[in-house]
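Have a look at this one:
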């Protein structure tokens, strides 16, 4: 990918630069601690990787587990603070029955592919039909 020119740094030294494009239904962008990859969380139930050279790849596909549409879908991703050592991460999504779900998973032997078989439920918040197709959460993070 050709490097896009920076329009000039701001007073705090930040410069915007296009890394990749073409992602449909993005909900969240994050990266593992100390890692130069970016992870794009898409509401359809997919997490894609953006590498430094602008190329992309698939990290997680849980389309068959996620109800998406309206404000529902795969909405959050948080990496364990010791992700480099334990490969553990958490996802927040709307399950097929409409509940808000937080699951724990680990990365596979390939650091660019999640191990879906390692999925373990951590929290389930039952769907309230009064809210229709709206979500009751999304972003998950580790505090200081």
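In my numbering, the protein residues as written are 19 to 162. Here a beta-carbon is modelled for each residue, glycine too, at the ideal position from N, C-alpha and C. Bear in mind the structure is a predicted one, so any value in this text is a computation, not a measurement.
Cβ neighbour criterion (16 or more within 10 Å) applied to residue i
i	result
residue 149	exposed
residue 35	exposed
residue 93	buried
residue 32	exposed
Short Cβ contact (8 Å threshold) for residue i with residue j
i	j	result
residue 156	residue 110	yes
residue 95	residue 59	yes
residue 45	residue 91	yes
residue 65	residue 78	yes
residue 48	residue 62	no
residue 152	residue 88	yes
residue 121	residue 139	yes
Chain-order list of residues whose beta-carbon lies under 6 Å from that of residue i (same chain, five-residue window excluded)
i	result
residue 114	85
residue 119	111, 113, 142
residue 41	58
residue 146	none
residue 68	37, 38, 56, 74
Boundaries of the alpha helix (DSSP H) in which residue i is found, first to last residue
i	result
residue 102	101-104
Boundaries (first-last residue) of the beta strand (DSSP E) holding residue i
i	result
residue 47	44-48
residue 121	118-125
residue 57	56-60
residue 136	132-143
residue 96	92-97
residue 66	64-68
residue 30	No beta strand (DSSP E) holds residue 30; DSSP gives it neither H nor E.
residue 78	74-79
Cutoff 8 Å; reference residue i; Cβ partners in own chain excluding five residues on either side
i	result
residue 124	104, 105, 106, 107, 132, 133, 136
residue 99	51, 160
Close Cβ partners of residue i (< 7 Å) along its chain, the five nearest in sequence each way excluded
i	result
residue 101	50, 51, 107
residue 6	The structure shown does not extend to residue 6, since the chain is modelled only from 19 to 162, so the question has no answer here.
residue 158	94, 96, 108, 110, 120
residue 130	67, 75, 77
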